[in-house]
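Colleague:
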Amino acid sequence: MSNQPFTPQQLFSLKRATLEKRMMNYYEETRDENSTIKILIALQVRDELSEDDFSFFRKDLVRHLFLKTKSTRALRRYYIYFKEYFAEKEWRLLTARLFTALSFVVEKLEKLFTQFIKEPLASLAGS
30 MSNQPFTPQQ LFSLKRATLE KRMMNYYEET RDENSTIKIL IALQVRDELS
80 EDDFSFFRKD LVRHLFLKTK STRALRRYYI YFKEYFAEKE WRLLTARLFT
130 ALSFVVEKLE KLFTQFIKEP LASLAGS
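Taking this note's numbering, the leading residue of the sequence shown gets 30, the next gets one more, and so forth.
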């Protein structure tokens with residue numbers, strides 16, 4: 030087996046309790062946030078496609094990954110799929126935390142752009 034803790038067959042056939050236990054063991058052993066997030070996304074797909082309830086799977090782990098670990102590309106890429114795991118205020122703080130540098134760059138680029146073209150970017154998008 031590669032460095033993935035589950036095969037696709039296991040992800041879509043093991044019981045929730047088994048997956049929860051193995052997921053925590055995997056994360057505690059590896060601290061691999063990127064693979065863990067991808068597995069959590071796969072389990073959201075399973076929740077949508079099957080009769081089994083996988084809603085809020087390992088909510089404690091999801092919250093830990095997004096609130097306590099270093100911001101990574103994978104966290105920024107997949108964070109939108111976990112909005113329901115957070116209260117509205119937490120979500121705003123999380124968004125700011127994950128995208129601080131990106132927000133800064135976009136703001137600076139918009140200021141530079143509007144110096145040359147006297148319309149805000151939002152009005153140009155509608156044209």
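For each residue, glycine too, the CB sits at the ideal point set by N, CA and C.
Put Lys97 into one of helix, strand or coil per three-state DSSP.
Modeller: In the structure shown, Lys97 sits in a helix (DSSP, three-state: H, G or I).
Colleague: Give the range of the alpha helix (DSSP H) segment to which Arg126 is assigned.
Modeller: Here the alpha helix (DSSP H) through Arg126 covers Glu117 to Leu127.
Colleague: Let me know the secondary structure DSSP gives Gln33 once reduced to three states.
Modeller: Gln33: coil per DSSP, three-state reduction.
Colleague: Report yes or no: do the stretch 75-82 and the stretch 103-121 share at least 3 C-beta pairs separated by less than 8 Å?
Modeller: Short answer: they don't touch.
Colleague: Give the DSSP-derived three-state secondary structure of Phe111 in the structure shown.
Modeller: Phe111: helix per DSSP, three-state reduction.
Colleague: Does Ser79 come out as helix, strand or coil in the three-state DSSP assignment?
Modeller: Looking at Ser79 - three-state DSSP - the assignment turns out to be coil, as it is neither helix nor strand.
Colleague: Buried or exposed: Ile66, going by 16 or more other Cβ atoms within 10 Å of its Cβ?
Modeller: Burial call: buried.
Colleague: For Tyr110, I'd like the list of residues in its chain whose CB is within less than 7 Å of its CB, leaving aside the five on either flank, ordered along the chain.
Modeller: Cβ neighbours of Tyr110 beyond the five flanking positions: Ile70 and Gln73.
Colleague: I'd like the span of the alpha helix (DSSP H) that includes Arg87, first residue to last.
Modeller: Premise fails: Arg87 is in no alpha helix (DSSP H) and is neither H nor E.
Colleague: Glu58 to Lys97, Cα distance in whole Å?
Modeller: Cα to Cα, the separation comes out at about 17 Å.
Colleague: Am I right that Met53 and Ile68 are in contact with their C-beta atoms under 8 Å? What's the rounded C-beta distance?
Modeller: About 12 Å; that fails the 8 Å criterion.
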